[in-house]
Every structure is written in C-alpha cells, then in structure tokens.
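The next block holds one structure in the form of structure tokens; read it before the comments.
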Amino acid sequence: MTATAGAALPGHAHADDRSFVRKYVFSTDHKIIGIQFLFLSLFFLLVGGLLAMGIRWQLGFPGQPMPLGGWLPQGVAPGGVVAPKTYIGLVTMHGTFMIFFAVMPLLVGVFANYLIPLKIGAPDMAFPRLNMWSFWLMIPSGLLMTASLFVLGGSAVAGWTVYAPLSNVPDYTGVHLGQQLWCVSIVIFGASSLLGSVNYITTVINLRAPGMTWFRLPLSVWALFITAVLAVLAVPVLAGAVIMLLFDQTIGTHFYLPAGGGQPLMWQHLFWFFGHPEVYILILPAMGIASDVIANGARKPIFGYASMVWAMVAIAFLGFVVWGHHMFQSGMNPTLASAFMVSTIVIAVPSAIKVFNWLGTLWRGSIHFTTPMLNALAFVSMFIIGGLSGIFMASTPVDMYIHGTYFIVAHIHYVLFGGSLFAIYAGIYFWFPKMFGKQLDERLGKVHFALTFVFYNLTFFPMHILGVGGEMRRIYDPTVYEYLRPMQPINVFITVSAFLLFTSQLVMAWNIVRTLARGKQADLNPWRDCGLEWTVASPPPHGNFATTPTVYHGPYEYSVPGAAEDFIPVNQPPAQVAETRR
Amino acid sequence: MHWWFPGNASSVGGKVDSLFYVILYITGAVFVLVEATLLVFLVRYRKRSGRTATYVEGSTRAEIIWTSIPAVILVSLAFVSQPLWSKIKDSDTYPRDATHLGLEAKQFEWHVTYPGPDGKLGTDDDFMKRDSIHLVVDRDYVLEMTSRDVVHSFFVPAFRLKQDIVPGMDIKLWVKPTLTGTFELACSELCGLGHYRMRGVVIVHTPADYAAWLVSQGEATPADSAAAASNSGMGTP
Chain A
1 MTATAGAALP GHAHADDRSF VRKYVFSTDH KIIGIQFLFL SLFFLLVGGL LAMGIRWQLG
61 FPGQPMPLGG WLPQGVAPGG VVAPKTYIGL VTMHGTFMIF FAVMPLLVGV FANYLIPLKI
121 GAPDMAFPRL NMWSFWLMIP SGLLMTASLF VLGGSAVAGW TVYAPLSNVP DYTGVHLGQQ
181 LWCVSIVIFG ASSLLGSVNY ITTVINLRAP GMTWFRLPLS VWALFITAVL AVLAVPVLAG
241 AVIMLLFDQT IGTHFYLPAG GGQPLMWQHL FWFFGHPEVY ILILPAMGIA SDVIANGARK
301 PIFGYASMVW AMVAIAFLGF VVWGHHMFQS GMNPTLASAF MVSTIVIAVP SAIKVFNWLG
361 TLWRGSIHFT TPMLNALAFV SMFIIGGLSG IFMASTPVDM YIHGTYFIVA HIHYVLFGGS
421 LFAIYAGIYF WFPKMFGKQL DERLGKVHFA LTFVFYNLTF FPMHILGVGG EMRRIYDPTV
481 YEYLRPMQPI NVFITVSAFL LFTSQLVMAW NIVRTLARGK QADLNPWRDC GLEWTVASPP
541 PHGNFATTPT VYHGPYEYSV PGAAEDFIPV NQPPAQVAET RR
Chain B
1001 MHWWFPGNAS SVGGKVDSLF YVILYITGAV FVLVEATLLV FLVRYRKRSG RTATYVEGST
1061 RAEIIWTSIP AVILVSLAFV SQPLWSKIKD SDTYPRDATH LGLEAKQFEW HVTYPGPDGK
1121 LGTDDDFMKR DSIHLVVDRD YVLEMTSRDV VHSFFVPAFR LKQDIVPGMD IKLWVKPTLT
1181 GTFELACSEL CGLGHYRMRG VVIVHTPADY AAWLVSQGEA TPADSAAAAS NSGMGTP
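Residue numbers (this note's numbering), protein chains in the order written: chain A, 1 to 582; chain B, 1001 to 1237.
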C-alpha cells in the first residue's frame, strides 16, 4: 500500500500550470493550506490576546477607564469603563478564540497540514479537496464568531464552556443572537475539524513512502495522527451537544432545562466528554513538535522512542475517561467523582514518562541553543509546572477549594500557553525556512523568546497565589470581596506583566514581516535535520518529491558513531552510510 | 499582607489544607529535582568544540523506574484523598442530628430558609433571610441547596467548601463551623452579569449570640430562644 504512494502521481512535481486562484486561494496543496491556516490562526491569536488585555485592565484597575476605551460604544464601555456584561463577554470570547480559532488550528491546521505529507514522503494529502474545504469552512466559522462581537445584545457571555441554563435561556443574560452565532460557528468549526482529521488519518495510514514504517514515523507525525483520531471521536459529541443547545435557545426544546424534563448536567457531561480529549488535542501535537525539535537541538535520538509513542496512545485512551474531573463539584454523585479521580491520576503517569524521556534525550547530548530549541525547552519546563499543578485538582478534596479559582486559570495557561504555544513557536521558527524559503532572524527570535519567557511567567505564576487566596475566576471586580482586597497588588502586577507579554509578541510579528519582505535565503537544511522535508527545495514544489523517496532509517539518527556527519537523512541509502563510516 | 489561604473556620478545612500541603511538598520536590536536572543538563551538555553527543536510544531499566515511582506516589494520593472526599460530599455519611437549612440561589441572591422554633424545614414557622447565613459554632448543619434559575456555586473560602447548585437538583452539603465570626460567601460559577456581586456572608455565633439574634429578628421570644439553645444538645445554656 505504502509502496505506491508517490508513484501514483508521476511527474506531478513538475506540472504547475494552475491559475493564481487555484494556487494560492482555493488551493488543494497541503502546503498552501497549512500557510493559510498559519496566517488565519495568528490573526485570531492576536484577537484573543487583545480581548485578554481588556480582561486584565478591568482586573488590575477595576472601574477605571480603559486606555482607548473611550472609542468603544457607550453600551459596551460607558465612559471607557468595561461594563460587567462586556467583561464576561471578553472572558467568553477570549477562551473561545484562543482554543478553537488560535491554538487548535495552529497545532493541527498548520502543522498537520504542512508536515504530514512532507514528513512521510507523500505528494499531498489523501483527499486534497476535503482539505481545501477544511480551511474554507474555518472562514465562515471565524467570520460568524467575530460578527457575534458586534451584534445587538452582544456576544455570548456564558463562558467558553457555555454552561446551561445560562447559555440556553436568553432571558438569563439578555444575549440572543450572540449565543446563537456562537453555536452555529462552533458547528461549522466542527465540520472543518472533522474534514481535516479524516484526511490526516487516511494520509498517515495510506500514503507513507516505502520504508516509512510506523515505528520510523517522527513523533510529530505520530502525535498529529493520534490527535486526529481524538478529534474524530470527540468533535461530533461537541457538535451534537451544541445543536441541542441551539434548539433550546431557538425552537423551545428543553434538552438542558429541568422545567421540561431536561438536565443542566447533561450539557456538562457532553461538553467535557469533548472538552477533555480537546485538552489533549491541544497538547499532543505540541509534544510531537517539541520531540522533533529537541532531538535535533540535542543532536541525539529521542530517548525511548517506542515508549514516547505508547505514552501518547495511553494519554489518548485515558483522555476519554477523565472528563468527570471537571465536574467534581457539579453535584454529580461523589462516588463517580472518586472513579474519575483515579483515572485522572493515572493519566499523569504517561505525561511523566514523556518529561523524563525528554530529559533523557538531553542527557549527554550536544545542545544547540537555537531559537526553536529554546522554545521547545521552555515547553518542557513549563509543561512540568502545568502538569504538577494539575495534580492538586486531581485530588477531589483539594479541588473543592481551588476549583473555579485563579489556580485553575494558572494551570490551564501553563499547559496551553507555556505548553502548547511555546511548542507552536518552536515549530514556527523551525519550519519557517521550509515554508517560505527564508530564515527568520535568530537574534530577533532570541529576543522574542527571552521577553516572552520572562513576562509569561510573571503573568501566570502569580495566578497560583491568587487561586490559593481564593480568588474566583470570571468575576468582574475582585475588590467586591473583602478577603480578596489585600491581593489586589498581585492583580496589578499581573496586568502590567500581561501588557508587556502582549507587546513582546510584536517582536515576532516584526520578525515575520521583515523576513518575508527581505529575509536572507535559507539553507537547504538549516538545522541539519534528518527529516524527509529537508531533502527537497524550500518551499517544496507542488507535489513535493520529484520521485517517491525511500526511507532507510529511523527519524532521529543524530550523532551515529562513525558517520561523517552528525545526522543521517532518513532517505540516505545504507551503502552511503557505510561508506562514510569507513 | 494576606496572600494565602484565608484562616480556616470549618471542621473539614484543616484536613483539606493538610492534603494541599502534602501535594505541595511532593510536587514542589519533584519540581525542584526535575527543573534542576534540566538546567544542569543544559549547562553540562551545551555545545562545545571537541565534544559530540553520545548516541543513546534509551534504557528500559530507567524507564521502568521513572514509570513506577510516579505511579505509586500518584495512586497513593488517590487513596489518601478518597476518605476525606466521601466524608465531605457523601450525604449518607452526614450527621443525623444536624440542623437542616434551605439555601436557594437565584440571580444574584442567596435565600436562606431557617426551620424556626420547631426545628423542621417546610413548616409554617420557617423564616427566610437574604444573603446571610447565621450559624452556631461547632454545630452540624446540612444545607439543602436548590437553584431557581441557572447553575450557581456555594463557596465559603474560610470553610474550604464548594458545591455547585444546579436547577432541578436537590444537593445537600454538610457544614460545621468551628470559629465564630463573619465569613464571606461567594458564587463561584459564572451565573450572569451580576455574578461578581452575588456575595453573601456567613455569620457564626455563639449559642447565646444566636439566641439574641433570633430575638432581634422577631423570630423568637427571649424564653423560646433560651429553650432552643439549651435543647440543641450542644451543652451550652
């Protein structure tokens, strides 16, 4: 099956007489689609970040006019001060944009699309047209979600978790259209995600080049494959749940309303049945990207490659039986909560294995501190904090106190920003030369990394303290509570750090713009990497490989004793390796 | 400056705090060890001329060690957590002689129903107070919690207690205050525009103070409340 992969399309690499629109707009080329996803999701990352600045202003300086707040309509920010309804709208939409439109498409839309065919030696995805649809469905989805910010009644305000009945009874919030647009947008998003996922799964199973066996797949491809399986199983549940929510709002059904025989907790079960696998959808690809970059940066094979794969498989399986830990305090049967506590605690084990294996990879390596490597190392060290803080909430009695506080906010940002986003940055710096043929400036990259790392920790670490102090998340003004007032200086500190963190991201934006405009030409294999993607031109031609490559080695053959170079490209015939060994 | 847990004022808070500290010490030690190892590796194995990386593919022995040690620690954590959890949240284990109070949450208020002189909820002498829960120190209470509209969450940081209140469900929570004083009650589940100001107070009295409060509210005559205080089984007149 795999042997015929590229050969099915002979000469495809040379024929490129497509019109501009087919080539760059409605493109079926996985590389263009990956780049389209890159710019789309970076845009939403910016939007989500801006919304976070609004949240932080209000928390740091409650009731004071926000800079530029005077530009907002009086209904949204009277006298420039964020209104309570605007505040919970900001909280809701920050979470929504960051999870569904920034981090998930950055990890999956960008890297699964761009890397899978190139890394397994395929000319494109198995279903290029589905792939095009996957991107073009994100456009209406993103437009509807963005439009919901501007409609009468305002955006959704029930949190990104949109708990019923706050979300499905418009009278409880005064939000009608905003919440409905949220639902429609998420359903379309789900369709986009499914089209992408079936594609990634099929491509990895069917289109691997000769010799690219399962256990020669780079961990990034393994991670993206497992993630796609998770998405295919979890996203339909979200879509179904959201459609029922939409019906409750619009046509008078009572799926989540006790008055009509429905159950508010059913929403929570369905949402978290999706939501917890979603957490792993957001971290597994990051683990894969970090593994590729760390092996490359340490010039060593990944320590315990097979157990890295099985750890991800274990995380994926267990990820489906831990959703109840979001609901320990929900009124669910406490004995059921105990069962979820055990599964949650067990899932920490494969995560620990991965961390130790990354450390093992660095051990006796020769560590090159490139920008991608620095970001990948930040991923590991921040994921350690995020993983350890998760153990507090796995313990049901401790969760009782910290649930719904800033401790949770700290935890999710250590996993999602400290974990996922640093790995995304590692991936962008690492594969940018492949995508655009130009090398991002290393000096600017290191400045961006250093500023981000420092201000990120100054922003999110103190949130643990707020949480232990008992500060609730999603409250408009913490100074309403006497016991929270002494901690207000921490909130001011976090707000200032968050503004600096946001500003630091402009360094990366500038680096990208400048490099695209007049960056230096990238070397063919600037990181001296073993991957197949570095054996073709940058950017690779349509169809990727002139002839189907044959794979002879594992993905991380760095510093093989006796070899002339400190890396062996996966497609280098063994005879040549033997020659260089002599 | 108060930048940590509020002082504990309930029968279970001390145990929750102890468990928190056990986890803090374990994770703190792991954090220091692992991050220190990472830093040592980064310094020691940085790229230098004349040194190359050593080709190592893994070690089954090392992996067995670092799989089994976390597994044992984590599973024992579950065993330590379980009894405390059942004690707090399993309503079958609640004290049978506890006083039952009604707590209805609505956007953005707490309605507390007291059983009145007969000690029973749902009778004519019940009375309701808004946004304040008056309790007697060292006495067992069971809050019978309902919601009139959306999901709310009962959170008294000084008691370390949190319980969501869900429309359509009757949820019970055992509370036993151990210190007198006024403690803040917060809603900790986003419940709408006024979520942030859905604040209440829990006022924990001595039995005598509680009797005086009942009188001041016109819910008891001085004679009634003296009798109620002595019948409570608390041993205080």
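The beta carbon of each residue, even a glycine, is placed where N, CA and C say it ideally should be.
Treat the numbers as computed from the prediction; the structure is a model and nothing was measured.
Residue i versus residue j: straight-line alpha-carbon distance, rounded
i, j, result
"MET382 of chain A", "ALA1036 of chain B", "13 Å"
"THR495 of chain A", "LEU458 of chain A", "10 Å"
"GLN263 of chain A", "ALA164 of chain A", "9 Å"
"GLY240 of chain A", "LEU1074 of chain B", "35 Å"
"GLU482 of chain A", "GLY153 of chain A", "32 Å"
"PRO277 of chain A", "PRO128 of chain A", "26 Å"
"VAL279 of chain A", "CYS530 of chain A", "30 Å"
"GLY11 of chain A", "ASP29 of chain A", "Here the model assigns GLY11 of chain A a pLDDT of 41, short of 50, so the residue's position is not dependable, and the following value carries that caveat. If I take the Cα positions, the gap works out to 16 Å."
"PHE215 of chain A", "ILE1064 of chain B", "21 Å"
"GLU1057 of chain B", "PRO574 of chain A", "19 Å"
"ILE428 of chain A", "LEU137 of chain A", "23 Å"
"PHE100 of chain A", "PRO1115 of chain B", "49 Å"
"GLY365 of chain A", "PRO1070 of chain B", "25 Å"
"ILE283 of chain A", "GLY1194 of chain B", "34 Å"
"CYS183 of chain A", "TYR114 of chain A", "29 Å"
"GLY261 of chain A", "MET244 of chain A", "14 Å"
"SER19 of chain A", "LEU106 of chain A", "27 Å"
"GLY1200 of chain B", "PHE1005 of chain B", "19 Å"
"GLY178 of chain A", "ALA156 of chain A", "5 Å"
Chain-order list of residues whose beta-carbon lies under 7 Å from that of residue i (same chain, five-residue window excluded)
i, result
"SER1188 of chain B", "SER1153, PHE1155, LYS1162"
"PRO549 of chain A", "GLY121, ALA209, LEU532, THR535, ASN571"
"MET171 of chain A", "Reading the sequence as shown, one finds Asp at residue 171 of chain A and not Met. Contacts found: none."
"ARG582 of chain A", "Unreliable positioning characterises ARG582 of chain A in this predicted model, as indicated by a pLDDT of 45, which lies under 50. The coordinate reading is nonetheless provided below. The answer is none, since no qualifying residue turns up."
6 Å CB neighbourhood of residue i in its chain, flanking five on each side removed
i, result
"TYR476 of chain A", "PRO84, TYR87"
"ASP1149 of chain B", "LYS1106, GLN1107"
"ASN491 of chain A", "LEU59, GLY60"
"ARG474 of chain A", "VAL91"
"LEU374 of chain A", "PHE449"
"ASN357 of chain A", "PHE303, GLY304, MET308"
"GLY80 of chain A", "PRO65, MET66, GLY69, GLY70"
"SER185 of chain A", "SER141, LEU144, MET145"
"SER389 of chain A", "HIS411"
"THR503 of chain A", "none"
is_contact[residue i, chain B] using C-beta, thresh 9 Å
i, result
"ARG474 of chain A", "yes"
"GLY54 of chain A", "no"
"SER381 of chain A", "yes"
"GLN572 of chain A", "no"
"GLY79 of chain A", "no"
"PRO10 of chain A", "Residue confidence for PRO10 of chain A is low, a pLDDT of 42 falling below 50, so the modelled location carries little weight and cannot support an answer."
"ARG299 of chain A", "yes"
"HIS403 of chain A", "yes"
"PHE255 of chain A", "no"
According to DSSP, residues forming a beta bridge with residue i
i, result
"LEU130 of chain A", "Paired residues: none, contrary to the question."
"TRP1110 of chain B", "B:ALA1105"
"MET472 of chain A", "A:THR405"
"LEU265 of chain A", "LEU265 of chain A pairs with nothing; no bridge assigned."
"CYS1187 of chain B", "B:PHE1154"
"THR1182 of chain B", "B:ILE1203"
"GLY178 of chain A", "A:SER155"
"LYS954 of chain B", "This structure does not reach residue 954 of chain B, given that chain B is present from 1001 up to 1237, and the question cannot be answered."
"PHE567 of chain A", "A:TYR558"
"TYR489 of chain A", "First, the residue type needs correcting, since residue 489 of chain A is Pro and not Tyr in the sequence shown. According to DSSP, which records beta bridges pairwise, PRO489 of chain A is partnered with nothing at all."
"SER1010 of chain B", "B:PRO1177"
Minimum Cβ-Cβ distance from residue i to chain A less than 9 Å
i, result
"THR1038 of chain B", "Rather than Thr, the amino acid found at residue 1038 of chain B in this sequence is Leu. For LEU1038 of chain B, the answer is yes, since a Cβ of chain A falls inside 9 Å of its Cβ."
"PHE1127 of chain B", "no"
"HIS1002 of chain B", "yes"
"ALA1071 of chain B", "yes"
Sequence-distant residues of the same chain with beta carbon closer than 8 Å to residue i, five excluded per side
i, result
"TRP1003 of chain B", "none"
"ASP1017 of chain B", "PHE1005, ASN1008, ARG1160"
Which runs of the beta strand (DSSP E), 3 residues or longer, sit entirely within the stretch 1084-1169 of chain B?
1099-1106, 1109-1114, 1127-1130, 1132-1136, 1141-1147, 1152-1156, 1161-1165
Considering only residues of the stretch 100-166 of chain A, which uninterrupted alpha helix (DSSP H) runs meet the minimum length of 4 residues and lie entirely inside it, listed in chain order?
113-120, 128-147
Entirely enclosed alpha helix (DSSP H) segments - the stretch 377-450 of chain A, minimum 4 residues:
396-402, 406-415, 422-436
Beta strand (DSSP E) segments (min. 3 residues) lying fully within the stretch 516-541 of chain A:
none
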